[in-house]
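Residue numbers (full-length UniProt numbering), protein chains in the order written: chain A, 1 to 205; chain B, 1 to 205.
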DNA sequence: GTCTATATATTGATAGAC
DNA sequence: GTCTATCAATATATAGAC
């Protein structure tokens, strides 16, 4: 039973750490990583700044936990889609819906992931997380290439440019979507997918 | 002639100030406003940090000059388009091309404008610049409403959502477009406009 | 105009008491 | 686990010599 004690303490620590991470996510999402001080985080969490170092090794450690935690969840769902038997167009649609849903379920974390993209590329420590961005590109581009081959997309599609438009139109949604607002994330997804597939033009030209 | 002297000194000052702003734009675009120190700016410009305060009142003054300078150029061109006799669809196309061209001619400044959007909204000092973002929204939304009325766009278009997709797909281009790279900004504009108007679908369904 | 020198504040982080 | 107290580094900004 004495052994057990260690495990239980560690469980509390993990729970509190997760709780603190939510506070960090909200602050860093709103004010930016560089502009958020560890003192502000302590204030918001009801702790003194020094106490945070019982849970985190450093400020960078906090950012790493936030981003890699989100990526773990997201990339697992992407893998399910890649492994499925759906058509390329359906896979693309599902991947974009999963991404948009994360803006509802993990709003702060996605905002951090988006806002601190530059830092993720500049800082050597965050290389693994930056690398995963390339996996996202490979996945989406693969769907586009396969979709063109299957006749589901325009034959003259420039995949590299199309990928960038898709990526850049979907992720910034997190900057204006607010959970509990007057438009649901499913409505956003419906409208965005309609526009990406059909465009602005009238359907019968 | 003694009076003239003041004007000439002031002219030199303005020229050097503009030169320093280019250095600031490059640094702040690459490393972010909060993470860029005045010492780094001084080093990059060949001055000591203290000397910068002969040209700028504060670090915030630098950011304000960068952003409002860009906006002055851009919004003047937007006004020409609004005042023109073109159709809504052509106005939309022209406005997006002007925005994309700025990523070629004022790449660093547009990156700063994009990256520091959150700070522009949080800091009271930058309110006027944040307000101009709403003017951009009004303009583009106006084109969309008029275009739907004129039958140039789908009748069931949800203007608010369409605006956001357009805005979010166009401005992030600055994060990957590089002047002098293997794709010109005109090529990007052609591809993006084709996708926005026609979508991913094959043209003959 | 640019420098030297420095004021003043704030930062991330640590050591040890409780 | 959290606090007190504080370190060392770094930040923006200023005053006055040159």
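Glycine included, each C-beta is placed from N, C-alpha and C at the ideal position. Predicted, not measured: the structure shown is a model, and the values here were computed from it.
Kindly say whether residue i, judged by its beta-carbon, lies nearer than 9 Å to any beta-carbon of chain B.
i                     : result
residue 26 (chain A)  : no
residue 67 (chain A)  : no
residue 175 (chain A) : yes
residue 32 (chain A)  : yes
residue 142 (chain A) : no
residue 191 (chain A) : yes
residue 119 (chain A) : yes
residue 154 (chain A) : yes
residue 77 (chain A)  : no
residue 186 (chain A) : no
residue 130 (chain A) : no
residue 180 (chain A) : no
residue 82 (chain A)  : no
Could you tell me the boundaries of the alpha helix (DSSP H) in which residue i lies?
i                     : result
residue 169 (chain B) : 159 to 170
residue 197 (chain A) : 185 to 198
residue 59 (chain B)  : 59 to 83
residue 113 (chain B) : 107 to 115
residue 35 (chain A)  : Careful: residue 35 (chain A) lies outside any alpha helix (DSSP H) and carries neither H nor E.
residue 138 (chain A) : 127 to 149
Give me the Cβ distance between residue i and residue j, rounded to the nearest whole Å; I'm assuming they're in contact under 8 Å.
i                     : j                     : result
residue 174 (chain A) : residue 97 (chain A)  : With 8 Å as the limit, residue 174 (chain A) and residue 97 (chain A) do not qualify as a contact, their Cβ atoms being about 14 Å apart.
residue 163 (chain A) : residue 199 (chain B) : With a Cβ gap of about 15 Å, residue 163 (chain A) and residue 199 (chain B) do not count as contacting.
residue 147 (chain A) : residue 94 (chain A)  : Their Cβ separation, rounded to whole angstroms, is 13 Å, which puts residue 147 (chain A) and residue 94 (chain A) out of contact at 8 Å.
residue 78 (chain A)  : residue 165 (chain B) : Going by Cβ atoms, the distance from residue 78 (chain A) to residue 165 (chain B) rounds to 22 Å, so no, they are not a contact pair.
residue 55 (chain B)  : residue 20 (chain B)  : 6 Å
residue 159 (chain B) : residue 141 (chain B) : 6 Å
residue 114 (chain B) : residue 171 (chain B) : 6 Å
Would you say residue i lies against chain A (beta-carbon separation less than 9 Å)?
i                     : result
residue 2 (chain B)   : Low confidence applies here, because residue 2 (chain B) scores a pLDDT of 41, under 50, leaving its location unreliable; read the following figure in that light. Chain A, which has no Cβ nearer than 9 Å to the Cβ of residue 2 (chain B), makes this no.
residue 113 (chain B) : no
residue 172 (chain B) : yes
residue 201 (chain B) : yes
residue 168 (chain B) : yes
residue 133 (chain B) : no
residue 63 (chain B)  : no
residue 198 (chain B) : yes
residue 162 (chain B) : yes
residue 10 (chain B)  : no
Note to self: Residues of the stretch 85 to 105 of chain B in Cβ contact with chain A at a cutoff of 7 Å, in chain order, please.
What the structure shows: So the list is empty, because no residue satisfies the distance condition.
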